């Protein structure tokens with residue numbers, strides 16, 4: 020039986036020709052389009068959601084929208100009121116402007132970025148409860164409230180975190196973990212596979228040019244449907260959002276919609292660009308057939324819809340389409356407006372392309388190398404190089420467009436991330452200056468260090484410095500242990516930084532007990548009465564020795580110096596020992612702003628220490644130890660869970676001791692504190708105490724007494740002494756198997772389990 024005849028209103032009757040090859044070609048093209056679009060979605064999710072930096076950037080941009088910013092501020096206010104009791108409820112008008120100003124501040128944005136980074140890590144690595152908690156957000160609000168109204172602020176706890184969002188759906192979280200792993204693979208595989216399928220479908224078609232038209236239109240249709248699906252997903256998420264506690268449903272829905280837009284509007288733009296490209300390809304291919312083929316084909320399609328083919332199947336399909344569209348129009352009439360605009364825009368792009376090509380003079384079009392008419396002869400001629408050239412051009416344009424889109428999505432103004440050193444790089448440049456050290460564990464290596472590394476006589480504004488040169492010169496000279504003291508400070512706008520003792524959690528009397536009377540008087544001459552009077556200016560985190568009035572450095576600026584050094588020297592590992600007077604959240608924010616978070620090592624004191632080569636290959640370039648609030652992050656190590664050290668307080672060299680101090684004998688790293696502990700620091704005495712012979716003698720004595728290899732040596736005025744030279748000499752020794760330097764270390768190792 021011959022196939023049924025069909026009537027084309029734009030031309031004479033023709034018969035539908037179906038063959039195995041033709042059907043296979045159409046199927047391959049359709050599947051290829053679906054695979055390509057799936058690959059585009061997977062690529063977007065990988066680059067903009069699963070990738071941590073992009074996720075954090077989007078979250079921070081969402082915070083800057085009025086809807087999300089207002090919701091976060093309301094959440095902070097609600098939790099403050101819950102903590103403050105009924106007395107604070109009546110003071111909400113006072114609390115609100117303070118909190119709203121806080122949420123727009125740079126400090127809060129830093130904390131929010133740290134929270135976003137931690138939440139991202141949990142979302143894509145764990146399948147249990149996850150909370151987007153902004154650490155210290157409430158603490159900052161309490162401090163601001165106390166300054167405005169001490170009576171109200173004193174009713175609140177000093178430390179308060181704020182939970183912005185809590186996710187307790189284990190199925191959803193497990194799905195996110197699996198999806199995060201899958202999209203990384205799918206984004207690499209699907210786009211080239213889909214393009215190969217499309218090209219195969221075009222090659223198998225009886226008329227490759229018509230197949231190219233169909234593929235372009237199919238690409239546009241699939242992208243359009245996905246864009247419509249994204250719009251309905253956004254609408255359904257927002258309409259289904261329910262406000263917790265005292266928050267208003269409308270505010271939550273507006274925030275959800277705004278946050279969704281920040282995260283997924285770029286995906287809509289990607290799909291729109293690909294869909295328009297498909298329409299352009301279809302229009303270009305159709306316009307090469309006849310002068311008005313694009314318009315004629317569209318008109319023919321419209322007539323077929325108006326007078327469809329008879330038969331129950333066609334009528335059923337038409338009826339279902341009309342019912343669905345009518346139902347959507349009744350359910351959400353305004354929601355269909357973007358879809359209608361998208362459809363109309365696509366039609367106009369397609370028609371416009373064809374009509375512009377129709378302006379090509381007939382004599383030029385007649386000379387075109389393939390497909391100047393319809394029918395079997397033209398179809399055979401069109402199997403030349405033209406479809407393949409067109410397909411190659413589409414592929415190149417698509418790659419260039421995708422590159423432009425992805426490139427435009429990368430945030431600017433950020434310091435470049437440090438790439439992990441390859442095994443070859445670590446072997447080539449060595450580890451901390453020596454190839455031999457790459458195979459040694461941390462507890463078998465000596466790190467020369469500086470006490471109060473930031474306090475440098477040659478840096479502007481410092482009194483009573485502990486070092487002669489700043490951190491940049493120290494690192495270049497070979498220092499690999501930096502001891503830093505972050506404090507709260509207020510820049511008065513005149514080049515002076517004052518210590519915010521209240522924010523530090525200390526008092527004038529406690530600081531005075533640590534400093535000499537002359538030092539305190541000098542600080543007060545520079546900055547005014549310490550601990551008294553109002554502080555106005557830009558608040559920040561500064562590196563100071565007890566009082567910022569005696570000298571200060573921006574914490575972030577000094578971490579930037581460390582970042583730049585590590586970028587120049589790919590084989591170096593640095594230990595940062597903190598004595599912070601600020602919260603872990605502010606410390607983490609500073610490391611983030613310096614783009615160092617991804618370089619921070621995670622150590623387990625109960626396990627053998629990693630080798631320097633292992634750390635470098637993992638991209639772990641910085642080891643952070645802290646004397647306060649350790650454990651807030653996995654990289655924020657309690658110092659004396661990792662380190663055992665010698666006593667402080669030697670007033671002269673003869674008082675140096677190797678007796679146990681902080682950290683018990685099971686701790687893997689051994690630090691020798693080696694500076695004259697007087698204020699102001701005596702440069703000449705420290706120089707005499709840090710000669711090569713003095714340092715080697717004390718190291719040998721401490722290793723004998725403690726049965727451990729000395730790993731960290733902290734000194735004042737390091738460049739007047741020989742600590743870098745001594746560390747290099749000690750690292751040239753053959754290491755003890757366990758990092759110990761004496762018999763009896765086996766007992767220590769057994770005590771560590």
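In the numbering used here, the protein residues as written are 20 to 772.
Built from N, CA and C at the ideal position, the CB exists for glycine as well.
Computed from a predicted model, the values in this text were never measured in an experiment.
As assigned by DSSP and simplified to three states, the class of residue 470:
Annotated three-state conformation of residue 470 is coil, per DSSP.
Looking only at DSSP bridge pairs, what is residue 732 linked to?
DSSP output for residue 732 lists 467 and 691 as bridge partner(s).
Using the rule of at least 16 other Cβ atoms within 10 Å of the residue's Cβ for burial, across every protein chain shown, is residue 132 buried or exposed?
By the 10 Å Cβ count, residue 132 comes out buried.
CA-to-CA distance, residue 692 to residue 733, given in whole angstroms:
About 5 Å.
To test your reading of the DSSP string, which unbroken beta strand (DSSP E) runs of 3 or more residues are found completely within the region 618-676?
Counting only unbroken stretches of 3 or more residues, the beta strand (DSSP E) elements lying wholly within the region 618-676 are 641-645, 655-657 and 662-664, in sequence order.
Is it true that the CB of residue 731 sits closer than 8 Å to the CB of residue 503?
No, the pair does not count as a contact, with Cβ atoms beyond the cut-off.
Pull up the DSSP beta-bridge partners for residue 721, would you.
Answer by DSSP bridge pairing: none, since residue 721 is not bridged.
Can you tell me where the beta strand (DSSP E) with residue 805 in it begins and where it stops?
This structure cannot settle anything about residue 805, because the visible part of the chain is limited to 20 through 772.
Looking only at C-alpha atoms, which of 665, 284, 627 and 572 sits nearest to residue 463?
Per the Cα distances, 627.
I want to know whether the region 49-66 touches the region 209-219 - three or more CB-CB distances under 8 Å.
With a cut-off of 8 Å, the region 209-219 and the region 49-66 count as touching, because enough Cβ pairs lie within range.
Give the single residue among 278, 244 and 237 whose Cα lies nearest to the Cα of residue 298.
For residue 298, the nearest C-alpha among the options comes from 237.
Out of curiosity, what's the CA-to-CA distance linking residue 737 and residue 468?
Spanning the two alpha carbons is a distance of roughly 8 Å.
Excluding sequence positions up to five away, which residues of its chain have a Cβ less than 6 Å from the Cβ of residue 556?
For residue 556, same chain residues with a beta-carbon under 6 Å away, outside a window of 5 residues either side, are 509, 510, 511 and 512 in chain order.
Contact check, residue 90 vs residue 271, beta carbons under 8 Å
Closer than 8 Å, so yes.
Count Cβ pairs between the region 712-730 and the region 448-456 that sit closer than 8 Å; are there 3 or more?
Under the Cβ criterion (8 Å, minimum of three pairs), the region 712-730 does not count as touching the region 448-456.
If contacts are defined as beta-carbon pairs under 8 Å, then residue 661 and residue 701 qualify, I think. What distance do you get, rounded to the angstrom?
30 Å between Cβ atoms; not a contact.
Is it true that the CB of residue 728 sits closer than 8 Å to the CB of residue 689?
The answer is yes: Cβ separation under 8 Å.
Distance between residue 216 and residue 59 (C-alpha atoms, nearest Å)
Looking at the two C-alpha atoms, the distance is approximately 15 Å.
Segment limits, alpha helix (DSSP H) that includes residue 79:
Secondary structure note for residue 79: its alpha helix (DSSP H) is the uninterrupted segment 71-82.
Assign residue 299 to one of three DSSP states: helix, strand, or coil.
Correct three-state label for residue 299: helix.
Whole-Å CB distance - residue 666 paired with residue 658, under 8 Å assumed:
Their Cβ separation, rounded to whole angstroms, is 15 Å, which puts residue 666 and residue 658 out of contact at 8 Å.
Leaving aside the five residues before and after residue 431 along the sequence, list all residues of the same chain whose C-beta is less than 6 Å from its C-beta, in chain order.
For residue 431, the predicted model reports a pLDDT of 38, less than 50, meaning its position is unreliable and no value from the coordinates is stated.
Reduced DSSP category for residue 525 - H, G, I as helix; E, B as strand; rest coil:
Taken through DSSP and simplified to helix, strand or coil, residue 525 comes out as coil.
Leaving aside the five residues before and after residue 710 along the sequence, list all residues of the same chain whose C-beta is less than 8 Å from its C-beta, in chain order.
Counting only Cβ-Cβ distances below 8 Å, and skipping sequence neighbours, we find 740 and 741.
What would DSSP say about residue 270, mapped onto helix, strand or coil?
It is helical.
For residue 505, the residue or residues it bridges with in DSSP
Note: residue 505 sits in a beta bridge opposite 562.
So, do the region 78-98 and the region 562-577 have three or more beta carbon pairs nearer to each other than 8 Å?
Contact fails: fewer than three Cβ-Cβ distances are below 8 Å.
Range of the contiguous alpha helix (DSSP H) that encloses residue 517
Annotation: residue 517 is outside any alpha helix (DSSP H); the continuous beta strand (DSSP E) that includes it extends over 516-518.
Cα-Cα separation between residue 493 and residue 115, rounded to whole angstroms:
Spanning the alpha carbons of residue 493 and residue 115 requires a straight line of approximately 46 Å.
Rounded to whole angstroms, what is the Cα-Cα separation between residue 48 and residue 559?
Taking the straight line from one Cα to the other gives about 59 Å.
So residue 743 and residue 497 are supposed to be a Cβ contact under 8 Å. How far apart are they, rounded?
Sure, about 4 Å apart at Cβ, within 8 Å.
Verify whether the separation of the beta carbon atoms of residue 81 and residue 87 is less than 8 Å.
Yes, Cβ-Cβ distance for residue 81 and residue 87 is below 8 Å.
Between which two residues does the alpha helix (DSSP H) carrying residue 749 extend?
Segment 742-750, the alpha helix (DSSP H) holding residue 749.
Going by C-alpha distance, which of 135, 591 and 281 is nearest residue 71?
Between residue 71 and the set 135, 591 and 281, the nearest pair of CA atoms involves 135.
Specify, as a first and last residue, the run of the beta strand (DSSP E) that residue 597 falls within.
Taken as a continuous stretch (DSSP letters only), the beta strand (DSSP E) holding residue 597 covers 593-597.
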